[in-house]
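Q:
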Amino acid sequence: MNNGPSRIFLNARLACLTGSATEVIADGAVVERDGRIVFAGSAAALPRDTGTSEVFDCDGRLVTPGLVDCHTHIVYAGNRAAEFEQRLLGKTYAEIARAGGGIAATVRETRAADEDHLTTGALARVDRVIAEGVTTLEVKSGYGLELASEQRMLRAARAIAERRPIRVVTSFLGAHALPPEAAGDGDAYITEVCETMLPALAAEGLVDAVDGFCETIAFSPAQINRLFDKARKQGLPVKLHADQLSNLGGGAIAARHGALSADHLEYADAESAAAMAAAGTVAVILPGAFYTLRETRRPPVEEFRRHGVRMAIATDCNPGSSPMTSLLLAMNMAATFFQMTVAECLAGVTREAARALGLGDEIGTLAPGKWCDLAIWEVEQPAELVYPIGVNSLHKRIWRGK
Ligand code: DI6
Ligand code: FE
98 MNNGPSRIFL
108 NARLACLTGS
118 ATEVIADGAV
128 VERDGRIVFA
138 GSAAALPRDT
148 GTSEVFDCDG
158 RLVTPGLVDC
168 HTHIVYAGNR
178 AAEFEQRLLG
188 KTYAEIARAG
198 GGIAATVRET
208 RAADEDHLTT
218 GALARVDRVI
228 AEGVTTLEVK
238 SGYGLELASE
248 QRMLRAARAI
258 AERRPIRVVT
268 SFLGAHALPP
278 EAAGDGDAYI
288 TEVCETMLPA
298 LAAEGLVDAV
308 DGFCETIAFS
318 PAQINRLFDK
328 ARKQGLPVKL
338 HADQLSNLGG
348 GAIAARHGAL
358 SADHLEYADA
368 ESAAAMAAAG
378 TVAVILPGAF
388 YTLRETRRPP
398 VEEFRRHGVR
408 MAIATDCNPG
418 SSPMTSLLLA
428 MNMAATFFQM
438 TVAECLAGVT
448 REAARALGLG
458 DEIGTLAPGK
468 WCDLAIWEVE
478 QPAELVYPIG
488 VNSLHKRIWR
498 GK
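Here it is, written out as structure tokens:
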């Protein structure tokens, strides 16, 4: 054992998320050494000499794993407030996209921005995410749609982790939308993504996973299959924007490639749910996009439960369909819109979100060996995190013991 500085967190009401998500240990303690948890459990079971140098009194507050926002497009330039106004006048998201707005509008602004501008813009949003107890953040590219701009986005994502105490996990989303210069040739663009962009970005260490948007207004199942075959040949995990606006069997496509997650899923069917359960593909529920687009079709949560599909919840923070940085609000929406339980909501932003990033062994629960990422809340029960609307009850956030 080494003798680095070490902390003990005492008088915690501990939600470890190792068993039932709402199980709370009333007199809990967490011992940290070198940024990792060495003990989490009832104070009565504490080893006699913990060798800790610093005591932190939680004063009976609820302590959960640091939150994990496992699906964001938080790096981008500009905003889409005007498009929001158009939608209020009756235009749909798909109509705006077909008319050159939507994702394409953010692509124009993002291509014109330098890396520092992208990082600075993202940091303003990341600070709001951090203020609500998030300790791990997934960040997608996908507003560049050509090598240099995708690269700037992913470098900006990496820069976030250099400038703030947060872990950043990147996803290369070159297959987000067809850029205008592709002149409608999706097959040729996917070839470019597979043969040029992905190898270059992966070689620079910018790609933790490969994502795609499988949709009638984006890429076909055949094109996504090509992309995922390539990604897996490069040894990269995959995840998919699936069945958000229509059912293209996206959940099953993701599962067939052993994807970490399939995300959105409003139109997913029982077949996709079964395939995802068998593959261990996490369903990432994104109520912010459902709300913003005034979607009426709900993700098949009951089907996911029946098949044993793990469910995560994320913000989908992006300038178009989910201009939201609050994971607490996302939990509240998942509960109210989709009738997800408090246990599912809390597990969805911790344990299952970690699993959706392939980090289930490192974060997401409070257990020995995991990173000591904690959120300490001014509440006593998990339900108090989920039921208020727009209330941030964070007391303190601990990232790797600090
Ligand atoms: N689905 C979404 O909800 C986001 N991307 C995607 O594939 C929307 C991105 C945007 O509108 O800018
Ligand atoms: Fe998304």
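Here the numbering used here is used: the first residue of the sequence shown is 98, the next is one more, and so on. Glycine included, every Cβ here is placed at the ideal spot set by N, Cα and C. All values derive from a computational prediction rather than experimental measurement.
Quick one: does the C-beta of Leu-454 sit closer than 8 angstroms to a heavy atom of the ligand FE?
A: Every heavy atom of the ligand FE is 8 angstroms or more from the Cβ of Leu-454, so no.
Q: Taking three-plus beta-carbon pairs below 8 angstroms as touching, is the segment 273–280 in contact with the segment 240–254?
A: yes
Q: So does Ile-200 have its beta carbon nearer than 8 angstroms to some heavy atom of the ligand HEM?
A: In the structure shown, the ligand HEM is absent; the only ligands present are the ligand DI6 and the ligand FE.
Q: For the candidate residues Asn-489, Tyr-484 and Pro-465, whose alpha-carbon lies nearest to that of Ile-473?
A: Asn-489
Q: Within the same chain, show all residues whose beta-carbon is closer than 7 angstroms to that of Asn-99, passing over the 5 residues directly before and after it, in chain order.
A: Unreliable placement is indicated for Asn-99, whose pLDDT of 49 sits below 50; no coordinate value is reported for it.
Q: For Pro-416, does the count of other Cβ atoms within 10 angstroms reach 16, so buried, or fall short, so exposed?
A: By the Cβ-count criterion, Pro-416 is buried, with 16 or more other Cβ atoms from all chains shown falling within 10 Å of its own Cβ.
Q: Note the first and the last residue of the continuous alpha helix (DSSP H) segment covering Pro-296.
A: 295–300
Q: Do you know how far the Cα of Glu-441 is from the Cα of Phe-106?
A: Roughly 26 angstroms between the two C-alpha positions.
Q: Indicate whether Leu-324 and Asp-340 have their beta-carbon atoms separated by less than 9 angstroms.
A: If you check the CB distance, Leu-324 and Asp-340 do not come in under 9 angstroms.
Q: Assign Arg-260 to buried or exposed, taking buried as 16 or more other Cβ atoms, counted over all protein chains shown, within 10 Å of its Cβ.
A: exposed
Q: Which residues bound the alpha helix (DSSP H) around Thr-216?
A: 212–227
Q: Specify, as a first and last residue, the run of the beta strand (DSSP E) that Val-204 falls within.
A: Per DSSP, Val-204 belongs to no beta strand (DSSP E); it is in the alpha helix (DSSP H), 200–209.
Q: Tell me Ile-105's beta-bridge partners as DSSP assigns them.
A: Val-128 and Val-152
Q: If we require 4 or more residues per run, which alpha helix (DSSP H) segments fall completely within the segment 359–390?
A: 367–376 and 384–389
Q: How would you write the range of the alpha helix (DSSP H) that Ala-174 sits in, first residue to last?
A: Where Ala-174 is concerned, there is no enclosing alpha helix (DSSP H), given that its DSSP letter is neither H nor E.
Q: Below 8 angstroms on the Cβ atoms is my contact criterion, and I expect Thr-256 with Arg-264 to pass it. Report the Cβ-Cβ distance as a whole number of Å.
A: Here residue 256 is Ala; the residue named in the question, Thr, does not match the sequence. The Cβ separation is near 14 angstroms, so there is no contact.
Q: Could you name each continuous alpha helix (DSSP H) segment of 4 residues or more that falls completely within the segment 397–472, going from the start of the chain to the end?
A: 398–404, 424–435, 439–445 and 448–453
Q: What number of angstroms, rounded off, separates the C-alpha of Leu-426 from the C-alpha of Val-483?
A: Cα to Cα, the separation comes out at about 8 angstroms.
Q: Which whole-angstrom value is the C-beta distance of Leu-337 and Asp-360, which I expect to be below 8 angstroms?
A: About 7 angstroms; that satisfies the 8 angstroms criterion.
Q: Using C-beta distances below 6 angstroms, list every residue in its chain close to Ala-352, excluding the 5 sequence neighbours before and after it, in chain order.
A: Spatial neighbours of Ala-352 in its own chain (CB-CB distance under 6 angstroms, excluding positions within 5 residues in sequence) are listed in chain order as Ala-372, Met-373, Ala-376 and Thr-378.
Q: Could you tell me whether the segment 182–200 touches the segment 125–141, where touching means 3 or more Cβ pairs closer than 8 angstroms?
A: no
Q: If you check the beta carbons only, do Glu-481 and Leu-164 fall under 9 angstroms apart?
A: no
Q: Could you tell me how far apart the beta carbons of Ala-450 and Ala-409 are, in whole angstroms, since I believe they sit closer than 8 angstroms?
A: 4 angstroms
Q: Distance, Cα to Cα, Tyr-364 vs Glu-301?
A: A straight line joining the alpha-carbon of Tyr-364 with that of Glu-301 spans about 36 angstroms.
Q: So Val-266 and Val-307 are in contact, right, with Cβ under 8 angstroms, and what is the actual spacing, rounded?
A: Actually they do not touch by this definition, with Cβ atoms about 12 angstroms apart.
Q: Are Arg-177 and Ala-202 closer than 9 angstroms when you measure CB to CB?
A: yes
Q: Three-state secondary structure (DSSP) at Leu-165?
A: The displayed chain sequence assigns Val, not Leu, to residue 165. The answer is strand: DSSP assigns Val-165 an E or B state.
Q: Does the beta-carbon of Gln-436 have 16 or more other beta-carbons within 10 angstroms, so that it is buried, or is it exposed?
A: exposed
Q: Under the DSSP definition of a beta bridge, which residues are partnered with Phe-325?
A: None, per the DSSP bridge assignment.
Q: Whole angstroms are fine: how far does the CA of Ser-358 sit from the CA of Glu-289?
A: If I take the Cα positions, the gap works out to 24 angstroms.
Q: So if DSSP puts Arg-110 in a beta bridge, which residue, or which two residues, is it bridged to?
A: Leu-159
Q: Measuring CA to CA, which of Ile-200, Asp-282, Thr-232 and Ile-227 is closest to Cys-469?
A: Thr-232
Q: Have a look at Phe-316, Asp-146 and Arg-222 and flag the residue whose alpha-carbon is nearest the alpha-carbon of Gly-175.
A: Arg-222
Q: Compute the beta-carbon to beta-carbon distance between Val-406 and Ala-453, rounded to the nearest angstrom, for a pair I have assumed lies under 8 angstroms.
A: Incorrect: roughly 11 angstroms between the Cβ atoms, too far for contact.
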